[in-house]
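Q: Here the working numbering is used: the first residue of the sequence shown is 868, the next is one more, and so on. Built from N, CA and C at the ideal position, the CB exists for glycine as well. Treat the numbers as computed from the prediction; the structure is a model and nothing was measured.
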Amino acid sequence: MTVLGPRTSMRFGRVLLAILIAASLSSIPTHGNAQTVLARVLNGEDSRPVFGALAYLVDSEGTVLKSALTDQLGRVLFVGLQAGAFRVRVEMIGKATVETDLFQVAAGATATQDVRLESSAIVLEGLRVEAEGGRCRVRPSQGLGVADLWDEARKALSAAAFTDREAFYVYRTTSYTRDLALDAKTIQREEERTGTKLFDSKPAEDLIENGFVQKDGDGQLYFAPDADVLLSDPFLDSHCFRFTAGRGEAEGLVGLGFEPANGRNRNVDISGTLWLDGQTFELRWLQYNYENLDPDINSSEVGGHVKFQRLPNGTWIVPEWWIQMPRIGVFYDTSGRSRMRITAYRRTGGRVMQVREAGAAGRTIV
868 MTVLGPRTSM
878 RFGRVLLAIL
888 IAASLSSIPT
898 HGNAQTVLAR
908 VLNGEDSRPV
918 FGALAYLVDS
928 EGTVLKSALT
938 DQLGRVLFVG
948 LQAGAFRVRV
958 EMIGKATVET
968 DLFQVAAGAT
978 ATQDVRLESS
988 AIVLEGLRVE
998 AEGGRCRVRP
1008 SQGLGVADLW
1018 DEARKALSAA
1028 AFTDREAFYV
1038 YRTTSYTRDL
1048 ALDAKTIQRE
1058 EERTGTKLFD
1068 SKPAEDLIEN
1078 GFVQKDGDGQ
1088 LYFAPDADVL
1098 LSDPFLDSHC
1108 FRFTAGRGEA
1118 EGLVGLGFEP
1128 ANGRNRNVDI
1138 SGTLWLDGQT
1148 FELRWLQYNY
1158 ENLDPDINSS
1168 EVGGHVKFQR
1178 LPNGTWIVPE
1188 WWIQMPRIGV
1198 FYDTSGRSRM
1208 RITAYRRTGG
1218 RVMQVREAGA
1228 AGRTIV
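(1) Using the Cα positions of Thr1044 and Gly1217, report the straight-line distance between them to the nearest angstrom.
(2) Using DSSP with H/G/I as helix, E/B as strand and the rest coil, what is Gly947?
(3) How far does the alpha helix (DSSP H) with Leu1103 in it reach, from first residue to last?
(4) With Ile1075 as the anchor, note down where its alpha helix (DSSP H) starts and where it stops.
(5) By DSSP's criteria, Glu1149 is part of a beta bridge. Which residues make up the other side?
(6) Please determine if the stretch 1125-1144 and the stretch 1059-1068 are in contact, where contact requires at least 3 C-beta pairs separated by less than 8 angstroms.
(7) Can you confirm whether the stretch 1024-1035 touches the stretch 1188-1201 when touching is taken to mean that 3 or more C-beta pairs between the two stretches lie within less than 8 angstroms?
(8) May I ask you to report which of helix, strand or coil DSSP gives Ile1164?
(9) Could you pull out every residue in the same chain whose Cβ sits closer than 6 angstroms to the Cβ of Thr1210, ignoring the five residues on either side in sequence?
(10) Can you name the start and end residues of the beta strand (DSSP E) that Glu1187 belongs to?
(11) By a C-beta neighbour count over all protein chains shown, 10 Å radius and 16 as the cutoff for buried, is Val982 buried or exposed?
(12) Among Glu985, Arg1056, Ala922, Tyr1036, whose alpha-carbon lies nearest the alpha-carbon of Ala1225?
(13) Counting only the same chain and skipping the five closest in sequence on each side, list residues whose C-beta sits under 7 angstroms from that of Gly1119.
(14) Identify, in the order they occur along the chain, each residue of the same chain with its Cβ nearer than 6 angstroms to the Cβ of Leu1016, setting aside the five sequence neighbours on each side.
(15) Assess, as a yes-or-no matter, whether the stretch 1054-1064 is touched by the stretch 1072-1092 under the definition of 3 or more beta carbon pairs within less than 8 angstroms.
(16) By the DSSP assignment, the beta strand (DSSP E) with Phe970 in it spans what residues?
(17) To the nearest angstrom, how far is it from the Cα of Arg954 to the Cα of Ile1054?
(18) Say whether the stretch 1153-1165 touches the stretch 967-979, bearing in mind that this needs 3 or more beta-carbon pairs closer than 8 angstroms, one atom from each stretch.
(19) Starting from Thr967, trace the beta strand (DSSP E) in both directions and tell me its first and last residue.
(20) Measuring only the C-alpha atoms, how far is Ala952 from Val917?
(21) With 16 other CB atoms within 10 Å as the buried threshold, where does Met1192 fall?
(22) Since Phe1102 and Gly961 are thought to touch, with beta carbons under 8 angstroms apart, how far apart are those beta carbons, to the nearest angstrom?
(23) Excluding sequence positions up to five away, which residues of its chain have a Cβ less than 6 angstroms from the Cβ of Val1005?
(24) Leaving out the 5 sequence neighbours to the left and right, which residues in its chain are closer than 8 angstroms to Glu1158 when beta-carbon positions are compared?
(25) Ala935 by DSSP, collapsed to three states: which one?
(26) Please report how far the alpha carbon of Leu1049 lies from the alpha carbon of Leu1074, in whole angstroms.
(27) Quick one: Cα of Glu1019 to Cα of Glu1072, how far?
(28) Rounded to the nearest angstrom, what separates Ser927 and Ser986 at their Cα positions?
(29) Which of the three DSSP states is assigned to Leu909 in this structure?
(30) Excluding the 5 residues preceding and the 5 following Leu1047 in the sequence, name in chain order all residues of the same chain whose CB lies nearer than 8 angstroms to its CB.
(31) If you count every other CB in all the chains shown that lies within 10 Å of the CB of Arg878, and 16 or more means buried, which is it?
(32) Helix, strand or coil: how does DSSP classify Ser986 here?
(33) Taking only three categories from DSSP, how would you classify Thr1030?
(34) Among Arg1151, Phe1175, Val1080, which has the Cα closest to the Cα of Val1169?
(35) For the beta strand (DSSP E) containing Val1169, name the first residue and the last one.
Listed below in structure tokens is the structure:
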């Protein structure tokens, strides 16, 4: 069994996903002659089952085949497999990622694997020393504190992307549009509407190629990154990361700051910070600003906020988000040349009011 560092586990493609929640081992169904893998995940300190860990079934080439969350007894079952060689990889925030040795699954057989997760400490002092060096790193390598911090953020983002793809829940949401004065605080007008729409984004390839602000007829559309964008190779290859200490609203948190890497094109990009709890290292929120806007409308008030929340069963959702855009007017300078300027702001956002399990008999989670 191998304990993995953050660099080893930074790339995941879109994978087939499976989840089984059962009451007891005896309730796990059989699947005829199909090959299955049953993994049981335990806490390394007290041997208690770990609920809500994200487990991956990996083939001998390192390709992720299936993913699932562990149930209340720490179990996950992968079914419908071809006979062959596999590994089980398990990760959870605050724990070192573990991967089993390669094991064989014979035709018609069920292989059982026990996995123990040990606590993984991040040394904040080391992060501060790295930050003092001033270097912003693209894909920080294993052994660096900023890589450890990214790994904790990545685990939450992976779980959020997993939750979204699996469509476990039905949501009741409220979306709003606020017109704000130039101070970005005074609300001049507000509209709210209810629905089921969730926060989403464009594919990472589109945003990196065409920018996070794109023309839409006579106007412009502003985009925020979702979990899939932040995890994507195009984003990770074009942005660098550094440690940021929390202050003000982020007091007591640790930040993983990011910005466009040197040599990036001149499309509108984003820089920002992923804020994590200073004790548990759970992801709390993303704050970001737009880069490469026209100098006349470049403002620290133009940006967005995406909140993340872990539910009791290990799934992650985005319970709240907003994007703040400039409202632009035109004036003429002393030479008679027209110039743009910000006259006010518009904030568009949403909140999740209720989370319910999918299905006719789905229970309310939040």
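A: Let's see:
(1) Residue numbering aside, residue 1044 sits at position 177 when the sequence shown is read from its first letter. Residue numbering aside, residue 1217 sits at position 350 when the sequence shown is read from its first letter. Looking at the two C-alpha atoms, the distance is approximately 9 angstroms.
(2) In the sequence shown, counting from the first residue as 1, residue 947 sits at position 80. In the structure shown, Gly947 sits in a strand (DSSP, three-state: E or B).
(3) Locating residue 1103 in the sequence shown gives position 236, where the first residue counts as 1. It spans 1100-1105 - the alpha helix (DSSP H) in which Leu1103 sits, taken as one unbroken run.
(4) Walking along the sequence shown from the start, residue 1075 turns up at place 208. 1071-1077 is the extent of the alpha helix (DSSP H) around Ile1075.
(5) Here residue 1149 refers to the residue found at position 282 when the sequence shown is read from its first residue. For Glu1149, which the question treats as bridged, DSSP gives no partner whatsoever.
(6) no
(7) no
(8) As a first step, residue 1164 must be located in the sequence shown, where it is residue number 297. Reduced to three states, the DSSP call for Ile1164 is helix.
(9) For the purposes of this step, residue 1210 is identified with residue 343 of the sequence shown, where counting begins at 1. So the qualifying residues of the chain are Arg1194, Gly1196.
(10) Counting from one through the sequence shown, the residue named residue 1187 turns up at place 320. Taken as a continuous stretch (DSSP letters only), the beta strand (DSSP E) holding Glu1187 covers 1183-1199.
(11) Numbered from its first residue, the sequence shown carries residue 982 at position 115. Val982 should be labelled buried.
(12) Taking the sequence shown and counting its residues from 1, one reaches residue 1225 at position 358. Nearest of Glu985, Arg1056, Ala922, Tyr1036 to Ala1225, Cα basis: Tyr1036.
(13) Looking up residue 1119 in the sequence shown gives position 252. Cβ neighbours of Gly1119 beyond the five flanking positions: Gly1113, Gly1145.
(14) Numbered from its first residue, the sequence shown carries residue 1016 at position 149. Contacts found: Leu1123.
(15) no
(16) The residue you call residue 970 lines up with position 103 of the sequence shown. That run of the beta strand (DSSP E) goes 970-972.
(17) The residue given as residue 954 occupies position 87 in the sequence shown. The residue given as residue 1054 occupies position 187 in the sequence shown. C-alpha separation (whole angstroms): 54 angstroms.
(18) no
(19) If you number the sequence shown from 1, residue 967 lands on position 100. Where Thr967 is concerned, there is no enclosing beta strand (DSSP E), given that its DSSP letter is neither H nor E.
(20) Here residue 952 is taken as the residue at index 85 of the sequence shown, counted from 1. Here residue 917 is taken as the residue at index 50 of the sequence shown, counted from 1. Near 25 angstroms, if we compare the C-alpha coordinates of Val917 and Ala952.
(21) Position 325 of the sequence shown, counted from the first residue, corresponds to residue 1192. Classification of Met1192: buried, given that the 10 Å Cβ count is 16 or more.
(22) Here residue 1102 is taken as the residue at index 235 of the sequence shown, counted from 1. Here residue 961 is taken as the residue at index 94 of the sequence shown, counted from 1. No, Phe1102 and Gly961 are not in contact; Cβ-Cβ is about 24 angstroms, not under 8 angstroms.
(23) Your numbering for residue 1005 matches position 138 in the sequence shown. So the qualifying residues of the chain are Cys1107, Ala1128.
(24) Here residue 1158 refers to the residue found at position 291 of the sequence shown. Excluding residues within five positions, the ones whose Cβ falls inside 8 angstroms are Glu1126, Pro1127, Val1135, Asp1136, Ile1137, Ser1138.
(25) By 1-based counting over the sequence shown, the position of residue 935 is 68. Correct three-state label for Ala935: strand.
(26) The count along the sequence shown starts at 1 and reaches residue 1049 at position 182. The count along the sequence shown starts at 1 and reaches residue 1074 at position 207. Taking the straight line joining both Cα atoms gives about 28 angstroms.
(27) Position 152 of the sequence shown, counted from the first residue, corresponds to residue 1019. Position 205 of the sequence shown, counted from the first residue, corresponds to residue 1072. Approximately 24 angstroms, taken between the alpha carbons.
(28) Position 60 of the sequence shown, counting from 1, holds the residue named residue 927. Position 119 of the sequence shown, counting from 1, holds the residue named residue 986. The straight-line gap from Cα to Cα measures roughly 27 angstroms.
(29) Residue mapping note: residue 909 aligns to position 42 of the sequence shown, counting from 1. Three-state result, Leu909: strand.
(30) Working through the sequence shown from its first residue, we reach residue 1047 at position 180. Result list for Leu1047: Thr1053, Ile1054, Gln1055, Gln1191, Ala1211, Tyr1212, Arg1213, Arg1214, in chain order.
(31) As a position in the sequence shown, residue 878 is number 11, starting the count at 1. Note that Arg878 has pLDDT 33, beneath the 50 cutoff, so the model's placement of it is unreliable and the number below is only indicative. Result: exposed.
(32) Indexing the sequence shown from 1 puts residue 986 at position 119. The answer is strand: DSSP assigns Ser986 an E or B state.
(33) Here the question's residue 1030 lines up with position 163 in the sequence shown. In the structure shown, Thr1030 sits in a helix (DSSP, three-state: H, G or I).
(34) The count along the sequence shown starts at 1 and reaches residue 1169 at position 302. Among Arg1151, Phe1175, Val1080, the Cα nearest to that of Val1169 is on Val1080.
(35) Taking the sequence shown and counting its residues from 1, the one referred to as residue 1169 is at position 302. No beta strand (DSSP E) contains Val1169, which DSSP labels as neither H nor E.
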